[in-house]
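Per the working numbering, the sequence shown starts with residue 67, numbered consecutively.
Beta carbons: idealized from backbone N, C-alpha and C, even for Gly.
Step one of this worksheet: look at the structure below.
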Amino acid sequence: MAVVIDINISKIKLLLKLNYNLGKEIIIKEIKEGTQNSNLLIETNKNKFVLTISETNKKTYRIYKKLSEIERKIINIPRLLKDKKGRIFFYYNRKISFLSYFIKGSKPEILNKKLIYKIAEILSRIHILFQRKSFYIKNNINLDLIRELVINNYNKLGRTEKNIAVRNIIYIYNNYKYTNHKLIPKGICHCDIFPDNIIVSRDYIYILDFHLASTEPYIYDICLYINEWCFKRRILHKNVIYFILGYIKNRKIKSSEFNNIYMFLIITSFRFWITRINNRNNGVIKNIYKAPYKYFYINNYLKFKKDKLSTFFKKLGKLIK
67 MAVVIDINIS KIKLLLKLNY NLGKEIIIKE IKEGTQNSNL LIETNKNKFV
117 LTISETNKKT YRIYKKLSEI ERKIINIPRL LKDKKGRIFF YYNRKISFLS
167 YFIKGSKPEI LNKKLIYKIA EILSRIHILF QRKSFYIKNN INLDLIRELV
217 INNYNKLGRT EKNIAVRNII YIYNNYKYTN HKLIPKGICH CDIFPDNIIV
267 SRDYIYILDF HLASTEPYIY DICLYINEWC FKRRILHKNV IYFILGYIKN
317 RKIKSSEFNN IYMFLIITSF RFWITRINNR NNGVIKNIYK APYKYFYINN
367 YLKFKKDKLS TFFKKLGKLI K
């Protein structure tokens, strides 16, 4: 979460006082982490809240309206606050905005097997929840968009980076485009399940920021998770196994998904690498966590371990059956 757009604090305070019963004193502070939306901490004499000003109006409205309708015991998300007229959303500078209750907790710094298992279980619960609803959001795995990001940033890449970008584009087009997508289950995915979107609070794990959520193959979320949570200089097989065991508690992973895990590991690592290159070149990244180098390293590692990793995931798929 972060502040991305220019904010008029006086205007924000006036909007909040007119629309909400927050208390007499309103203090607004910047939340520095993240890149996707503008988020502000709102402190009052009554409580603490987070104000989100979204960069994706239509998508934000649909996904958060759905989330506001579900029971919190299904997925722990920060509860949205209604205004004086019972509305969840309001507009600030033509951007959809909303308030949620502030969750006191911490970002997971040390990844243990118990935490990996629990987050995987929650992720599969998200997939199952929206699977039961007639709900579609335009997807993020858009080959033309990925190619466009490469073209727009190509001249700012080093020689090695250029070679890797071209190699990935060729691999993705030759494999993803001709995959039998009918065999790979799809549904609403979170698409941004990184540590800064997780809050551990006592015995609960809260999931934040559904702004990138879209209709994708479930394996997209799974591989994003593996790259982020099960990688430390190499893919940690034990962590992957704990993740899979947590995930299948709610949703079975099909053999067609296991067979395509390697390809989606490449896609997700490259997608986030080139996206963060683009953010860096446009001055969006403000902290080292969002730097692109980690995914550059992961993508290179995957290239050299293709045969071993493909064999591991196929064997794992057979064992899970």
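Exercise for review: Return helix, strand or coil for residue 192, following the three-state DSSP convention.
Suggested key: For the purposes of this step, residue 192 is identified with residue 126 of the sequence shown, where counting begins at 1. Of the three classes helix, strand and coil, the one that applies to residue 192 here is helix, per DSSP.
Check your understanding: Going by Cα to Cα distance, which pick from 338, 381 and 275 is closest to residue 121?
Key -> Stepping through the sequence shown from its first residue, residue 121 is reached at position 55. The option with the nearest alpha carbon to residue 121 is 275.
**Study point:** Simplified DSSP state of residue 69, which is helix, strand or coil
**Key:** Residue 69 sits at position 3 when you count from the first residue of the sequence shown. Because residue 69 carries a pLDDT of 45, less than 50, the predicted location of this residue cannot be relied on, and no value is offered for it.
Point to revise | Own chain partners of residue 354 with C-beta closer than 6 Å, once the 5 adjacent residues on each side are dropped | key: Here residue 354 corresponds to residue number 288 of the sequence shown, with the count starting at 1. Per-residue confidence for residue 354 stands at a pLDDT of 47, beneath the threshold of 50, marking its modelled position as unreliable; no derived number is given.
Exercise for review: Please state whether DSSP places residue 253 in a helix, a strand or coil.
Suggested key: Against the sequence shown, residue 253 aligns to sequence position 187. Residue state, collapsed to three classes: strand.
Review point. Can the beta-carbon of residue 291 be found less than 9 Å from the beta-carbon of residue 186?
Key: Position 225 of the sequence shown holds residue 291. Position 120 of the sequence shown holds residue 186. Contact: yes.
Review point. Considering residue 270, what are the terminal residues of the beta strand (DSSP E) in which it resides?
Key: If you number the sequence shown from 1, residue 270 lands on position 204. 270-273 is the span of the beta strand (DSSP E), which, as asked, contains residue 270.
Review point. Taking buried to mean at least 16 other C-beta atoms within 10 Å of its own C-beta, is residue 101 buried or exposed?
Key: Here the question's residue 101 lines up with position 35 in the sequence shown. At residue 101, the pLDDT of 48 sits below 50, so the modelled position is not reliable and the matter cannot be decided from this model.
Point to revise | Three-state class that DSSP yields for residue 97 in the structure shown | key: On the sequence shown, position 31 is the one that residue 97 refers to. In this structure, residue 97 counts as coil in the three-state DSSP scheme.
Check your understanding: Exposed or buried, residue 88, counting other C-beta atoms within 10 Å across all chains shown (16 or more means buried)?
Key -> On the sequence shown, residue 88 is found 22 positions in, with the first residue counted as 1. Per the 10 Å Cβ criterion, buried.
Point to revise | Residue range of the unbroken alpha helix (DSSP H) whose run includes residue 309 | key: As a first step, residue 309 must be located in the sequence shown, where it is residue number 243. Taken as a continuous stretch (DSSP letters only), the alpha helix (DSSP H) holding residue 309 covers 303-313.
Review point. Residue 303: buried (16+ other C-beta within 10 angstroms of its C-beta) or exposed?
Key: The sequence position of residue 303 within the sequence shown is 237, counting from 1. The residue is exposed, with fewer than 16 neighbouring Cβ atoms inside 10 Å.
**Study point:** Boundaries of the alpha helix (DSSP H) in which residue 172 is found, first to last residue
**Key:** Reading the sequence shown from its first residue, position 106 is the one you call residue 172. Here residue 172 belongs to no alpha helix (DSSP H), and DSSP marks it neither H nor E.
Point to revise | Neighbourhood of residue 384 by C-beta distance below 6 Å, restricted to the same chain and skipping five residues each side | key: As a working note, residue 384 is residue 318 in the sequence shown. For residue 384, where only same-chain residues beyond five positions count, there are no Cβ hits under 6 Å.
Practice item. Indicate whether residue 262 and residue 173 have their beta-carbon atoms separated by less than 9 Å. Key: In the sequence shown, the residue the question calls residue 262 occupies position 196. In the sequence shown, the residue the question calls residue 173 occupies position 107. Closer than 9 Å, so yes.
Exercise for review: Measure the C-alpha to C-alpha separation of residue 83 and residue 96 and round it to an integer number of angstroms.
Suggested key: Here residue 83 refers to the residue found at position 17 of the sequence shown. Here residue 96 refers to the residue found at position 30 of the sequence shown. Cα-Cα distance, rounded: 19 Å.
Review point. With a CB to CB cut of under 8 Å and the five nearest residues on each side skipped, what residues in its chain are close to residue 361?
Key: By one-based count along the sequence shown, residue 361 stands at place 295. Around residue 361: 293, 335, 336, 338, 339 and 342.
Point to revise | Contacting residues, own chain, Cβ-Cβ under 8 Å from residue 235 (five flanking each side not counted) | key: Position 169 of the sequence shown, counting from 1, holds the residue named residue 235. 212, 213 and 216.
Point to revise | residue 113 to residue 77 span [Cα, whole Å] | key: Within the sequence shown, the letter at position 47 stands for residue 113. Within the sequence shown, the letter at position 11 stands for residue 77. About 20 Å.
Review point. CB of residue 77 to nearest heavy atom of the ligand NAP: below 8 Å?
Key: Among the components modelled here there is no ligand, and therefore nothing to report on the ligand NAP.
Review point. Can you tell me the Cα-Cα spacing of residue 195 and residue 366, whole angstroms?
Key: To locate residue 195, count along the sequence shown from 1; it is residue 129. To locate residue 366, count along the sequence shown from 1; it is residue 300. So the two alpha carbons sit approximately 35 Å from each other.
Check your understanding: Based on Cα-Cα distance, which residue from 171, 94, 107 and 180 lies nearest to residue 313?
Key -> Position 247 of the sequence shown, counted from the first residue, corresponds to residue 313. When only C-alpha atoms are compared, the closest one is 180.
Point to revise | Exposure of residue 249, with buried meaning 16 or more beta-carbon neighbours within 10 Å | key: Here residue 249 corresponds to residue number 183 of the sequence shown, with the count starting at 1. Answer is exposed; the Cβ neighbour count stays below 16.
Point to revise | Length-filtered (3 minimum) beta strand (DSSP E) runs lying within the stretch 327-379 | key: none
**Study point:** Whole-angstrom distance between residue 116 and residue 67, CA atom to CA atom
**Key:** Taking the first residue of the sequence shown as 1, we reach residue 67 at position 1. Taking the first residue of the sequence shown as 1, we reach residue 116 at position 50. In this prediction, residue 67 scores a pLDDT of 44, lower than 50, which makes its location untrustworthy; no coordinate-derived value is stated.
Point to revise | Among 226, 310, 301 and 184, nearest to residue 264 - alpha-carbon criterion | key: Numbered from its first residue, the sequence shown carries residue 264 at position 198. Comparing Cα-Cα distances from residue 264 to each of 226, 310, 301 and 184, the minimum goes to 184.
Exercise for review: Figure out for me which residue from 256, 295, 285 and 373 has the closest Cα to the Cα of residue 277.
Suggested key: Numbered from its first residue, the sequence shown carries residue 277 at position 211. Minimum Cα distance to residue 277 is reached at 256.
Point to revise | Beta-bridge pairing of residue 161 - partner residues as DSSP gives them | key: Along the sequence shown, one-based indexing puts residue 161 at 95. Residue 161 is bridged to 158.
Practice item. Alpha carbon to alpha carbon, how far is residue 192 from residue 202? Give it in angstroms, no decimals. Key: Locating residue 202 in the sequence shown gives position 136, counting from the first residue. Locating residue 192 in the sequence shown gives position 126, counting from the first residue. So the two alpha carbons sit approximately 14 Å from each other.
Review point. Which residue or residues does DSSP assign as beta-bridge partners of residue 144?
Key: Taking the first residue of the sequence shown as position 1, residue 144 is located at position 78. The partner list for residue 144 (beta bridge, DSSP) is empty, contrary to what the question assumes.
Exercise for review: Give the range of the alpha helix (DSSP H) segment to which residue 121 is assigned.
Suggested key: The residue you call residue 121 lines up with position 55 of the sequence shown. That residue, residue 121, is in no alpha helix (DSSP H); it is neither H nor E in DSSP.
Check your understanding: Along the chain, where does the alpha helix (DSSP H) that runs through residue 235 open and close?
Key -> Translated into the one-based positions of the sequence shown, residue 235 becomes position 169. Segment 225-241, the alpha helix (DSSP H) holding residue 235.
Check your understanding: Excluding the five sequence neighbours on either side, which residues of its own chain have a C-beta within less than 7 Å of the C-beta of residue 380, listed in chain order?
Key -> Translated into positions along the sequence shown, residue 380 becomes position 314. The answer, listed in chain order, is 324 and 325.
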